[in-house]
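Just below is one structure, and these are the notes that go with it.
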Amino acid sequence: MATSYCGKILRINLSNKTCRVEELDLELAEKFIGGRGLGTKLYMDEVCPTVDALSPENKVVIISGPLTGTATPTGCRYMVVTKSPLTGMIASSNSGGKWGAVLKYAGYDAIILEGKAETPCYVNIVDDKVELLDAAHLWGTTVETCKHTLEEAHKGASVLNIGPAGETLSLVAAVMNEGERAAGRSGVGAVVGSKNLKAICVTATTRSVMPVYDTEALKAVTSKCMAKIKENGVTGAGLPTYGTAVLVNIINQVGAYPTRNWQHSYDENADATSGETLKEKHLVKNGFCHRCPIGCGRIVEIDGKHVGGPEYETIWGFGSNCGITDLEYINRANLMCNEMGNDTISVSCTIAAAMELYQKGYIKEEECEGVPLIWGNGEAIVVWTERMGRGETALGKLMAQGSHRLCEHYGHPEIAMVVKKQELPAYDARGIQGIGITYATSNRGGCHVRGYMIAPEILGSPEALERTAIDDKHVWAKIFQDLTAVIDSSGLCLFTSFALGAAEYAELINAATGTNYDVNSLLEAGERVYNLERVFNQKAGMDPSEDTLPKRLLEEPIAHGVSKGHLSRLDEMLPKYYEARGWENAFPTQATLERLGL
Amino acid sequence: MEVRLFATLREKREKVVDVPWTPGLDGYALLGTLGIAPEDVAIFLINGVHHRLDAPLNAEDVVALFPPVGGG
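Protein chains in written order, with the working numbering: chain A, 561 to 1158; chain B, -14 to 57.
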């Protein structure tokens, strides 16, 4: 019987230059779905959690979901799973574009990378032919130059690659595909770079859509989901019209928009960098991932070239968080991040932390080598992004290790706005309580897309919750985290969840694979994934005290604006959250693991 | 009274509109004054705090209106 899994894993050993195709255990696949869930399971079965993330002993699982490459809305995503060199915990970074779908069209659910090549190399896959080739001519090139060179050499190939940041082992380096799509977070690009692997090209010549278990059923549920996505105000109108940056004004108006490295939470100039202004002054056209009916991507023009524009987190990070009010500089910093192959959130937030260190006199002017880290210095966000990406200047090298290590170096760790050493995104958890519990308990460290509590607390979706209350936020956080783990495992984009619920995801996965998930068992599968990640972190040496927020959010009330006086009430929410999860002292109990079949 | 408009609600309108306050004014009446249909408003903030459209308004309030939008 057909299923949307290929049933094949490509194992590439870079040390001895061998490639082997292995069968995917379909029972295991159904239990962990795919993507983030199955990737974590495959990774954990092979790698010791205490491994040095940048050593040859670490491995990288690049994996699609069962809906990747199917004719479903946004069915294009893949996940990069490994141990993070930034956090020392599990990393699973998600990306769209087309590469993940092409990998499946070529016949593989996943690639497992192991070992380390002696010299720089890249992988070229054309259906069942796999070769390792010399990448000496590509090493040192930017993401776009490398992509272009490989597209010329291998006509029709879809290219995944790292940039200079991954090569120089920046702990905030991304894995990029199609030039500007990023598996951005947790330094996964450095792990690939540590293996001397520059790129993976994939060409599929025989198919352009995946076969599925029940074609008619998938067609029917896809049609229903497409209608919901089109009719939904967010996915059908808001996101296509303004992109994610429409959030700039909303989050600012509720006084939870971190400004100047979270020293303030309202920026009176935020509208100058909003999604509305981006549309009015810079937008050329929308950008779409493969099979996406939403089109939240922004294409902007820089020096006569059409390039990927910034999304919300990037605009915030390089914008208000660095005191910048000019979108032109933000567009350029975003492009530079893509060229270097770096994570825009961690890079921009590290620059913001450096600006606060400079403001307070801890970083000296002479360390800045001609480009002072002054709030609002547009040139600085572009130049320091490049220096971090290329590992240039002593300070640039230090900043490339992320804000935690930067601020520790100067003796002021309290300035790093991180959870588990990973930079926080663009929502102040003092003014929005629920997002604080998901930040603090995110298995990959500071992150908003592991349980997007902004949806109910700010956007009123699927129902409105009072943002400053704690009430049942621990329960909501758990459900959001579990559902997100499902979506991240399925191969779909998280943005579909503005329009779709667990019932639709179950129908889609069942029609594609022949599973029998209902809402409860699907959420339990998500819970299984969340607990599995937590088990990895426990074995990797996570301390329970790391489920916390930066001191600033716990002890310094918001100073100005409509959320003035608020602090995060994490200490009240956390015990209730652990109870709801069946965890004791931050980790799953034996009974919880048994209930989830772990 | 200061009313801030965002996203599509700005189309063919100013970004900030000064609306004369009258006793008993609530969100619905305000939208009527601006010619905005209630179903086009997903987020109704009074002084940065979410409210329902039937919430009463004071002369010194700052109102922010958003259509359905999202991101992440």
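In this text, a Cβ means the ideal position worked out from N, Cα and C, and glycines have one as well.
Any chain B beta carbon closer than 8 Å to residue i
| i | result |
| --- | --- |
| A/THR709 | no |
| A/SER768 | no |
| A/TYR1012 | yes |
| A/PHE1058 | yes |
| A/GLN982 | no |
| A/ILE810 | yes |
| A/THR642 | no |
| A/GLU512 | Shown here, chain A extends from 561 to 1158; a query on residue 512 of chain A therefore has no answer. |
| A/VAL860 | no |
| A/ALA1015 | yes |
| A/VAL806 | yes |
| A/GLY1142 | no |
| A/GLY595 | no |
| A/GLY798 | yes |
| A/TYR872 | yes |
Beta-carbon proximity of residue i to residue j, cut-off 8 Å
| i | j | result |
| --- | --- | --- |
| A/ILE593 | A/ILE1069 | yes |
| A/ALA734 | A/ASP903 | yes |
| A/ARG1141 | A/ILE650 | no |
| A/ALA725 | A/TYR872 | no |
| A/LEU1109 | A/LEU1134 | no |
| A/PRO1022 | A/TRP1036 | no |
| A/ARG851 | A/GLY597 | no |
| A/ARG965 | A/MET900 | no |
| A/GLU740 | A/ASN898 | yes |
| A/THR647 | A/SER730 | no |
| A/GLY599 | A/VAL621 | yes |
| A/VAL814 | B/LEU(-6) | no |
| A/THR630 | A/ALA1072 | yes |
| A/SER880 | A/TYR802 | no |
| A/THR1044 | A/LEU1054 | yes |
| A/GLN1041 | A/ARG1088 | no |
Bridge partner(s) assigned by DSSP for residue i
| i | result |
| --- | --- |
| A/GLY857 | A/GLY847 |
| A/GLY868 | A/ILE859 |
| A/SER555 | For residue 555 of chain A there is no data in the structure shown, the boundaries of chain A being 561 and 1158. |
| A/TYR999 | Its beta-bridge partners do not exist; DSSP assigns none. |
| A/ARG580 | A/ARG571 |
| A/LYS689 | A/VAL686 |
| A/ASN1070 | According to DSSP, which records beta bridges pairwise, A/ASN1070 is partnered with nothing at all. |
| B/LEU24 | A small correction: the amino acid at residue 24 of chain B is Glu; Leu does not occupy that position in the sequence shown. DSSP, once it has assigned bridges, lists no residue as partnering B/GLU24. |
| A/ALA1144 | Sequence check: residue 1144 of chain A is Glu here, not Ala. In the DSSP output, where bridge partners are listed per residue, A/GLU1144 has A/PHE1147. |
| A/MET736 | A/ASN721 and A/ALA742 |
| A/LEU757 | A/CYS681 |
| B/ALA49 | B/ARG(-11) and B/LEU30 |
| A/GLN982 | A/VAL979 |
CB contact below 8 Å: residue i versus chain A
| i | result |
| --- | --- |
| B/ALA49 | yes |
| B/THR7 | no |
| B/LEU30 | yes |
| B/HIS36 | no |
| B/ARG(-2) | no |
| B/ALA(-8) | yes |
CA nearest to the CA of residue i, picked from the options
| i | options | result |
| --- | --- | --- |
| A/ALA1100 | A/PRO645, A/ARG571 and A/CYS636 | A/PRO645 |
| A/PHE1147 | A/GLY994, A/ARG745, A/SER1002 and A/VAL611 | A/SER1002 |
| A/LEU1156 | A/GLU776, A/GLU1084, A/ARG1094 and A/ASP831 | A/GLU1084 |
| A/PHE1096 | A/CYS681, A/ASP605 and A/CYS849 | A/ASP605 |
| A/SER653 | A/MET736, A/GLU583 and A/GLU587 | A/MET736 |
| A/ILE1030 | A/ILE995, A/CYS1053 and A/GLY835 | A/ILE995 |
| A/ILE911 | A/VAL748, A/GLU946 and A/ASN792 | A/GLU946 |
| B/GLY12 | B/ALA49, B/PRO53, B/GLY57 and B/VAL54 | B/ALA49 |
| A/HIS697 | A/GLU691, A/HIS708, A/ASP687 and A/SER718 | A/HIS708 |
| A/ASP827 | A/GLU939, A/THR1152 and A/HIS1120 | A/HIS1120 |
| A/CYS882 | A/ARG820, A/HIS969, A/ILE975 and A/ALA832 | A/ARG820 |
| A/ASN573 | A/MET639, A/LEU663, A/ASP774 and A/LYS755 | A/LYS755 |
| B/THR18 | B/VAL34, B/ALA27, B/ASP25 and B/PRO5 | B/PRO5 |
| A/TYR668 | A/GLY675, A/LEU757, A/ARG767 and A/GLU704 | A/ARG767 |
Beta-carbon neighbours of residue i, restricted to chain B and to distances below 8 Å
| i | result |
| --- | --- |
| A/ILE1047 | Ordered by position in chain B, no residue passes the 8 Å Cβ test against A/ILE1047, which lies about 12 Å from the chain. |
| A/HIS1008 | GLY57 |
| A/THR801 | ALA(-8) and THR(-7) |
7 Å Cβ cut-off: residues of chain B touching residue i
| i | result |
| --- | --- |
| A/VAL794 | PRO53, VAL54 and GLY55 |
| A/ALA1024 | HIS35 |
Chain A residues whose Cβ lies nearer than 8 Å to that of residue i
| i | result |
| --- | --- |
| B/GLY33 | GLN813, VAL814, GLY815, GLY1121, VAL1122 and SER1123 |
Chain-ordered chain B contacts of residue i [CB-CB under 9 Å]
| i | result |
| --- | --- |
| A/SER1021 | ALA27, PRO53 and GLY55 |
| A/LEU1052 | By Cβ distance, chain B contributes nothing, its closest Cβ being about 14 Å from A/LEU1052, past 9 Å. |
Residue i beta carbon near the ligand MG (any heavy atom closer than 7 Å)
| i | result |
| --- | --- |
| B/VAL48 | Ligands displayed in this structure: none; no statement on the ligand MG is therefore possible. |
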